[in-house]
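> Questions regarding the structure given below will be posed in turn.
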Amino acid sequence: MKLHLAAAAALVIGVAGPAYAHGPTRQKTEQKIEINAPADKVWGVVGNFQDMSWLGVVDKTEGAGGNDKGAKRTLTLKNGAKVEEEINQYDAEKKMYSYRITNVDVKVLPVNNYSSKIIVTGEGDKTTVTWDGAFYRGYPNNDPPPELSDEAALKAVNALYTQGLQDLKKKVEGGS
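Heads up: the sequence shown is residues -21 to -1, 1 to 155, going by mature numbering (1 follows the signal peptide of the UniProt record, and there is no 0).
As structure tokens, then:
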């Protein structure tokens, strides 16, 4: 009987231990905003992968490849930090593109393996812009420091999307 109990305990520990030590889970988030303008006007601002000037934290965008798959851009932020990105898919007809970050300091954005999509959907003189993303936290191992946790990654990306969409709305509706 003792042997069966010991075997059962070893089995529970053997199964539960690795499950606990799994590591990070891919996080996902989505933000939307309604803009009082036709979709073509909104797409005219947000649809050029090589121009991220509508995003308030961006000082300048440099890149190559236009809007073609594999095109690259480097965003220089107002604080001097740089973010390197590459386009995965671009569909002007559907007013959508997806991209991924290829290089960013986790102190700037506490994420790894980040991919994102921007979709512009119009209905008359109103447009909905959807910005979604999927990523892992900035610390890939177990027991992350608070600033590189799942919560920190979600908070940072949600703040970026919320502010970015507000910046886009202001630029489009304000005409600047």
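All residues carry an ideal CB built from backbone N, CA and C; glycine is no exception.
(1) Thinking Gln6 and Ala113 are a contact (beta carbons under 8 Å), I'd like their distance in whole angstroms, please.
(2) For the segment 62 to 72 and the segment 82 to 94, state whether three or more C-beta atom pairs, one from each stretch, are separated by less than 8 Å.
(3) Are there 16 or more other CB atoms within 10 angstroms of the CB of Gly143, so buried, or fewer, so exposed?
(4) Rounded to whole angstroms, what's the CA-CA distance from Val87 to Trp33? Just pull it up for me.
(5) Would you mind stating whether Arg52 and Pro89 have Cβ atoms separated by less than 9 Å?
(6) What three-state label does DSSP hand Ala131 in the structure shown?
(7) What separation, rounded to the nearest whole angstrom, lies between the Cα atoms of Gly42 and Pro3?
(8) Measuring CB to CB, does Gln10 end up less than 9 Å from Thr109?
Taking the structure as given:
(1) Separation of the CB atoms of Gln6 and Ala113 is rounded to 7 Å, and the pair is thereby assigned contact status at 8 Å.
(2) yes
(3) buried
(4) 19 Å
(5) no
(6) Ala131 falls in the helix class under three-state DSSP.
(7) 32 Å
(8) yes
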